[in-house]
Amino acid sequence: MTETVLYVAASHEDAHEGATALERAGSTLTVEPAVSLAKVHECVPAVDCVVFAETPTTADGAHLLEVVDACGSKPLVLFTDAAYSPKAARATDGIDGYVRREGEAAVAHLADEIAWMCNATGDDGGLTAGPGMTDAEAVTDDSAEVAATLENHERRSKQRRRDRRECVLDFHEATVQIVAAADEAELYDRAVATAENCLAFDCCRVLTDDDGEFVTRASAVGDCDRSWPLEDDHDLAAETLETGESVLVDDVRESALVETDGGPWSIVSVPIGEVGVFQAVTAGPDAFDDAALELVESLVAHVTETVARLRTEAALVSERDRLSALFDNVPDPTVRYEFVDGDAVVRDVNDAFEEAFGYDREAVLDENVDEYVVPPNLDDEARQLNETLLAGECLQVVSRRQTADGIRDFLINVVPLALGKRGVEGFSIYTDITEQKRRERELAAQNERLDEFASIVSHDLRSPLNVARGYLELAKETGDDEHVAEVEAAHERMRSLIDELLALSRRGSVIGETEPVAVHDVARRAWATVDTGDAELVLENDAIVEADKARLIEILENLIRNATDHGDDAVTVRLGATEGGFFVADDGPGIPAAERDAVFDSGYTTADDGTGLGLSIVEEIVDAHGWTVEVTDGDDGGARFEIRGVETDAVDSADLEDDQRRSRDH
Numbered sequence: 001m002t003e004t005v006l007y008v009a010a011s012h013e014d015a016h017e018g019a020t021a022l023e024r025a026g027s028t029l030t031v032e033p034a035v036s037l038a039k040v041h042e043c044v045p046a047v048d049c050v051v052f053a054e055t056p057t058t059a060d061g062a063h064l065l066e067v068v069d070a071c072g073s074k075p076l077v078l079f080t081d082a083a084y085s086p087k088a089a090r091a092t093d094g095i096d097g098y099v100r101r102e103g104e105a106a107v108a109h110l111a112d113e114i115a116w117m118c119n120a121t122g123d124d125g126g127l128t129a130g131p132g133m134t135d136a137e138a139v140t141d142d143s144a145e146v147a148a149t150l151e152n153h154e155r156r157s158k159q160r161r162r163d164r165r166e167c168v169l170d171f172h173e174a175t176v177q178i179v180a181a182a183d184e185a186e187l188y189d190r191a192v193a194t195a196e197n198c199l200a201f202d203c204c205r206v207l208t209d210d211d212g213e214f215v216t217r218a219s220a221v222g223d224c225d226r227s228w229p230l231e232d233d234h235d236l237a238a239e240t241l242e243t244g245e246s247v248l249v250d251d252v253r254e255s256a257l258v259e260t261d262g263g264p265w266s267i268v269s270v271p272i273g274e275v276g277v278f279q280a281v282t283a284g285p286d287a288f289d290d291a292a293l294e295l296v297e298s299l300v301a302h303v304t305e306t307v308a309r310l311r312t313e314a315a316l317v318s319e320r321d322r323l324s325a326l327f328d329n330v331p332d333p334t335v336r337y338e339f340v341d342g343d344a345v346v347r348d349v350n351d352a353f354e355e356a357f358g359y360d361r362e363a364v365l366d367e368n369v370d371e372y373v374v375p376p377n378l379d380d381e382a383r384q385l386n387e388t389l390l391a392g393e394c395l396q397v398v399s400r401r402q403t404a405d406g407i408r409d410f411l412i413n414v415v416p417l418a419l420g421k422r423g424v425e426g427f428s429i430y431t432d433i434t435e436q437k438r439r440e441r442e443l444a445a446q447n448e449r450l451d452e453f454a455s456i457v458s459h460d461l462r463s464p465l466n467v468a469r470g471y472l473e474l475a476k477e478t479g480d481d482e483h484v485a486e487v488e489a490a491h492e493r494m495r496s497l498i499d500e501l502l503a504l505s506r507r508g509s510v511i512g513e514t515e516p517v518a519v520h521d522v523a524r525r526a527w528a529t530v531d532t533g534d535a536e537l538v539l540e541n542d543a544i545v546e547a548d549k550a551r552l553i554e555i556l557e558n559l560i561r562n563a564t565d566h567g568d569d570a571v572t573v574r575l576g577a578t579e580g581g582f583f584v585a586d587d588g589p590g591i592p593a594a595e596r597d598a599v600f601d602s603g604y605t606t607a608d609d610g611t612g613l614g615l616s617i618v619e620e621i622v623d624a625h626g627w628t629v630e631v632t633d634g635d636d637g638g639a640r641f642e643i644r645g646v647e648t649d650a651v652d653s654a655d656l657e658d659d660q661r662r663s664r665d666h
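Right, here's the structure in full:
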């Protein structure tokens with residue numbers, strides 16, 4: 001025999017999955033899924049049994065009360081969560097069967113329950129006669145007295161069933177309200193009201209654990225003279241919370257956990273997770289049977305579940321508020337993003353972001369943040385970073401981003417809201433480390449200079465020192481004063497090396513304050529500090545330049561020294577201003593075109609006693625000013641060094657003539 005079953009659930013997915021599983025479990029069952037009440041009304045006349053898949057938080061689809069009414073006399077089986085009470089389900093004729101939805105065998109148990117229900121009821125939905133009992137024996141038609149008695153009994157039974165049904169349905173409705181509570185205070189008030197109104201306890205209350213002290217959060221003491229009837233039952237509450245199990249005291253006078261001077265009371269204490277306990281008291285001993293205990297545990301299960309939800313939601317709200325406060329006050333540019341179709345879409349930015357990147361919040365809101373801040377050459381890197389974030393991983397990376405002040409270096413920290421899960425929301429924090437990176441580059445350059453310094457000290461400075469030591473030994477042995485002259489020459493060579501090493505140690509450091517400086521003025525100062533012998537300085541066009549005066553003198557010293565070291569004793573050095581810069585030229589042997597790119601390399605020299613540092617120092621100081629230097633052929637066949645990119649102002653011709661006269665006199 002095949003039974004037809006209507007499987008009612010809160011969603012189409014649940015209904016179809018449940019119907020399919022039930023058909024597999026029951027070989028004689030044909031199962032039709034349903035969600036809407038209209039579908040229930042349509043199918044009930046043609047089915048043998050109805051299954052209602054219920055959870056405490058069911059909010060969509062047909063409601064249980066409506067399904068009960070729609071079923072009429074057709075058997076209705078409640079297939080529900082463990083939190084729902086079987087006693088509550090069986091306390092009404094509106095719900096004929098109950099199967100708890102837990103464990104792998106739950107669906108098989110449901111199939112068995114349906115089979116029993118369908119075989120135990122007749123076509124009209126009433127109980128069939130038992131084995132060996134005929135209809136005549138069940139009801140004697142010609143016995144008016146028996147008929148009247150049965151009619152009266154049936155009327156009272158129907159009333160009791162209606163009362164029980166109303167009580168259980170009220171309880172069910174109350175639990176729906178419990179799980180919908182907006183906060184814990186409302187939750188506890190609804191819990192004690194349900195216990196008082198639906199379960200008819202004399203008094204009840206909710207206690208929560210506050211650092212070892214139990215605090216009454218809600219109570220109903222309508223039949224207890226407006227106060228809790230027990231003097232001290234905190235030991236009972238502590239025992240309940242510690243064990244995590246319900247405690248039933250049939251007579252408080254015989255319990256060591258409760259102190260009372262009153263008459264006999266029964267009390268049940270049920271843990272609300274690790275939060276607290278629910279307690280109910282009824283007058284008289286042995287007032288709670290197993291059914292009552294199951295009802296209380298069912299009620300408390302809803303409370304426990306709702307407390308967990310409320311506290312989780314409160315924690316999330318607190319965390320979001322904290323993140324929001326941090327977001328608004330963090331000093332670094334910060335973006336709250338959400339991934340949409342693989343793009344990091346801006347949901348909010350803080351003030352620091354607006355200032356650093358130059359975009360108003362409204363301009364970037366709901367836009368792909370990468371299109372605004374990622375330089376074109378870093379698009380591939382940005383896509384790879386997005387894949388990492390979508391996988392739910394935190395990210396810390398050093399990269400470059402386009403800002404209102406140009407491209408700058410950033411330490412980017414990105415934190416998704418859901419770690420370890422494929423997430424879509426998070427925060428990106430941009431810490432500007434441009435200055436730090438610049439200092440790192442300076443430190444690297446300084447270390448390179450130290451290496452050069454060590455190399456020169458260990459090689460170039462040691463060579464003249466060895467020469468001096470050798471000639472000094474010869475002078476001691478022979479007494480010849482000519483050897484002393486060689487020692488003096490070696491010492492002079494070391495002095496020159498030391499001067500250039502000191503300049504090297506300052507090379508590449510940030511220039512000091514700049515000021516307007518006359519080129520001719522610093523040229524004369526530089527000429528005076530260099531041993532120029534019979535060389536001649538010719539000053540041509542003068543100009544005022546914005547420069548660090550001391551470092552500009554250092555540039556000219558090295559260029560003048562380069563000219564006198566590589567030319568003859570009577571070399572002529574010409575110095576003057578150009579449009580956008582100045583030059584230093586000589587009439588010496590010049591520099592071959594093939595070697596001009598190498599002359600600024602540290603250590604490059606063509607002189608036997610040269611250090612190869614002078615022109616390298618020139619280039620470093622020029623770069624520090626933001627200028628450029630280039631070697632060309634001089635007008636007189638020598639070398640010409642041109643410094644360009646300099647802001648210059650012309651000098652009066654009269655002043656220029658005075659400068660030229662002073663240079664010739666010198």
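Numbering (UniProt numbering), first residue to last: 1 to 666.
The C-beta atom is built at its ideal place from N, Cα and C for all residues, glycine as well.
Check	Outcome
9 Å Cβ cutoff met for residue 576 and residue 541	yes
Collapsed DSSP secondary structure at residue 52 in the structure displayed	strand
In DSSP terms, what residue 628 is bridged to	644
Proximity below 9 Å, CB of residue 266 to CB of residue 243	no
Unbroken beta strand (DSSP E) run spanning residue 586, endpoints	581 to 586
Opposing strand residues paired with residue 31 [DSSP bridges]	5
Proximity of residue 204 and residue 118 at Cβ, strictly below 9 Å	no
Runs of alpha helix (DSSP H) wholly within the region 542 to 568 (minimum 4 residues, chain order)	549 to 566
Nearest to residue 594 (by Cα), restricted to the options 632, 626, 564, 561	632
Helix, strand or coil at residue 324 according to DSSP, with G and I counted as helix	helix
C-beta contact flag for residue 44 and residue 71 at 9 Å	yes
7 Å Cβ shell around residue 285 - same chain, five flanking residues per side excluded	250, 251, 264, 266
Alpha helix (DSSP H) runs wholly inside the region 373 to 443, at least 4 long, in chain order	379 to 390
Helix, strand or coil at residue 176 according to DSSP, with G and I counted as helix	helix
Residue 516 classed as buried or exposed, judged by whether at least 16 other C-beta atoms fall within 10 angstroms	exposed
Helix, strand or coil at residue 190 according to DSSP, with G and I counted as helix	helix
Pick from 27, 269, 498, 615 that is closest to residue 555, judged by C-alpha positions	615
Three-state class that DSSP yields for residue 18 in the structure shown	helix
Simplified DSSP state of residue 198, which is helix, strand or coil	coil
Alpha helix (DSSP H) segment containing residue 353, residue limits	351 to 357
Near the ligand FAD: residue 622 beta-carbon under 8 Å from a heavy atom	Looking at this structure, you won't find the ligand FAD or any other ligand, since it has none at all.
Close beta carbons around residue 12, own chain, < 8 Å, minus the five adjacent residues each side	33, 35
CA nearest to the CA of residue 552, picked from 583, 403, 327	583
Meets three-Cβ-pair contact criterion under 8 Å: the region 333 to 344 and the region 206 to 219	no
Which listed residue (236, 254, 256, 253) has its alpha carbon closest to that of residue 247	236
Cβ separation of residue 296 and residue 178, assumed to be a contact under 8 Å, to the nearest whole Å	Rounded, the Cβ-Cβ distance is 13 Å, inconsistent with contact.
Proximity below 9 Å, CB of residue 518 to CB of residue 544	yes
Stretch-stretch touch, CB-based, cutoff 8 Å, three pairs: the region 341 to 351 with the region 432 to 448	no
Residue environment, residue 618, which counts as buried when at least 16 other CB atoms sit within 10 Å	buried
Distance CB(residue 530)-CB(residue 564) smaller than 9 Å	yes
Cross-strand partners of residue 668 (DSSP beta bridge)	Residue numbering for the chain in the displayed model covers 1 to 666; residue 668 lies beyond these limits and cannot be assessed.
Per DSSP, cross-strand counterpart(s) of residue 276	208, 272
Residue environment, residue 316, which counts as buried when at least 16 other CB atoms sit within 10 Å	exposed
Cross-strand partners of residue 516 (DSSP beta bridge)	546
Range of the contiguous alpha helix (DSSP H) that encloses residue 256	Premise fails: residue 256 is in no alpha helix (DSSP H) and is neither H nor E.
Own chain partners of residue 569 with C-beta closer than 6 Å, once the 5 adjacent residues on each side are dropped	533, 534
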